[in-house]
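Worksheet for the structure shown next.
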Amino acid sequence: MKEWIAKHPDLWEFIKFNVLSNIATITNFAVLWLSTNFLFTAFSGQDFHWLIFHYTAADHGGLNGFLSFLLAYVVAQIVNYIVQRKLVFGAENDISKTLHWYILTVVVAGILSIVLPPYSTQLFTSWGLSLGWAQTAANWVNILVQVAVNYPMMKFVIMK
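Laid out in C-alpha cells, this is it:
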C-alpha cells in the first residue's frame, strides 16, 4: 500500500479527502435530522421566501428546512476544515492568510447548497419519496456540490 501511495500521492490525497469528508457528512446529517425534528419544529408550517431562497412548508420543509440545511452546512464546514487541514493536507501555513479563501469557498458552496434543496427535494418527492427521504437525498446532492467546489480550492489555494 505504501508503494501505491508513493506512486499516486494526488489520488491518495483525493481518496483521503473524500473518506475523511464523511466525518463532516455524518455531522451534517446528524445536525440536519436533529434540527429538522427537534430544534426548528416550531417553524415547520411556515413558508420561507427570500431573494433566491424558496422553501415552501408543504414541499420543502419551509423555514424549518431552510434553517436546518443552513445550520447543518455551517457546522459540517467547521468540522471539515479542521479534519482536512490536519489529516488530509497536513497544512502548516498561516491560517490568517488563507482563511478568507475558505470562508469565500464555504459561502459560495453554501449558497448553492441552500438554493438547491427546494428544487432537488421537489424532484425527489415527485419520484415518490416522502419529504424526509427527499430532504436526505437533497442533502446528498449538496454534499456532491460541496466536494466539487471545496476540494480544488483546498488543494490549490487554502491549504498551500
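Here the sequence shown is numbered in our numbering, starting from 134 and rising by one per residue.
Glycine included, every Cβ here is placed at the ideal spot set by N, Cα and C.
| query | Touch check for the region 209-222 and the region 158-165: three-plus C-beta pairs under 8 Å? | reply | Yes, they touch.
| message | Can you give me the C-alpha to C-alpha distance between Asn197 and Thr269, rounded to a whole angstrom? | response | In the sequence shown, residue 197 corresponds to position 64, counting from 1. In the sequence shown, residue 269 corresponds to position 136, counting from 1. Their Cα atoms are separated by approximately 14 Å.
| query | Looking at Pro250 and Ala271, is the spacing between their C-beta atoms short of 7 Å? | reply | Within the sequence shown, numbered from 1, the residue matching residue 271 stands at position 138. Within the sequence shown, numbered from 1, the residue matching residue 250 stands at position 117. Yes, the Cβ-Cβ distance between Ala271 and Pro250 is below 7 Å.
| Complete alpha helix (DSSP H) runs within the region 178-232 (minimum length 4 residues, chain order) | Here the runs fully enclosed are 190-193 and 195-216.
| field | Beta-carbon spacing of Ile156, Trp145 below 7 Å | value | As a first step, residue 156 is located in the sequence shown; it is residue number 23 there, counting from the start. As a first step, residue 145 is located in the sequence shown; it is residue number 12 there, counting from the start. No, Cβ-Cβ distance for Ile156 and Trp145 is not below 7 Å.
| request: Tell me whether Phe173 sits in a helix, a strand or coil according to DSSP, three-state version. | output: For the purposes of this step, residue 173 is taken as the residue at position 40 of the sequence shown. Coil at Phe173, not helix or strand.
| request: Check whether the Cβ atoms of Ala267 and Thr254 sit closer than 7 Å, and answer yes or no. | output: Mapped onto the sequence shown, residue 267 falls at position 134. Mapped onto the sequence shown, residue 254 falls at position 121. If you check the CB distance, Ala267 and Thr254 come in under 7 Å.
| task | Could you check if Val240 is buried or exposed, using at least 16 other CB atoms within 10 Å of its CB as the buried criterion? | result | Taking the first residue of the sequence shown as 1, we reach residue 240 at position 107. Taking all protein chains shown into account, Val240 has fewer than 16 neighbouring C-beta atoms within 10 Å of its C-beta and is therefore exposed.
| field | Under 7 Å between C-beta atoms of Asp180 and Thr169 | value | Residue numbering aside, residue 180 sits at position 47 when the sequence shown is read from its first letter. Residue numbering aside, residue 169 sits at position 36 when the sequence shown is read from its first letter. Not in contact: Asp180 and Thr169 (Cβ atoms no closer than 7 Å).
| query | According to the neighbour-count rule (16 or more other Cβ atoms, all chains shown, within 10 Å of its Cβ), is Gly90 buried or exposed? | reply | Summary: the structure shown does not reach residue 90, with the chain confined to residues 134 through 293, and so no result is reported for it.
| task | Report the residue from Trp183, Ile291 and Tyr206 whose alpha carbon sits nearest the alpha carbon of Leu232. | result | On the sequence shown, residue 232 is found 99 positions in, with the first residue counted as 1. Nearest neighbour of Leu232 by Cα position, chosen from Trp183, Ile291 and Tyr206, turns out to be Ile291.
| Looking at Ile148 and Phe202, is the spacing between their C-beta atoms short of 7 Å? | Against the sequence shown, residue 202 aligns to sequence position 69. Against the sequence shown, residue 148 aligns to sequence position 15. In this structure, Ile148 does not lie closer than 7 Å to Phe202 by Cβ.
| query | In whole angstroms, what is the alpha-carbon distance linking Ile293 and Met286? | reply | Counting from one through the sequence shown, the residue named residue 293 turns up at place 160. Counting from one through the sequence shown, the residue named residue 286 turns up at place 153. Just to set this straight, residue 293 is Lys in the shown sequence, not Ile. Distance from the CA of Lys293 to the CA of Met286, rounded to the nearest whole angstrom, comes to 10 Å.
| query | Can you tell me whether DSSP reads Ser263 as helix, strand or coil? | reply | In the sequence shown, the residue the question calls residue 263 occupies position 130. Here Ser263 carries a coil assignment [DSSP, helix/strand/coil].
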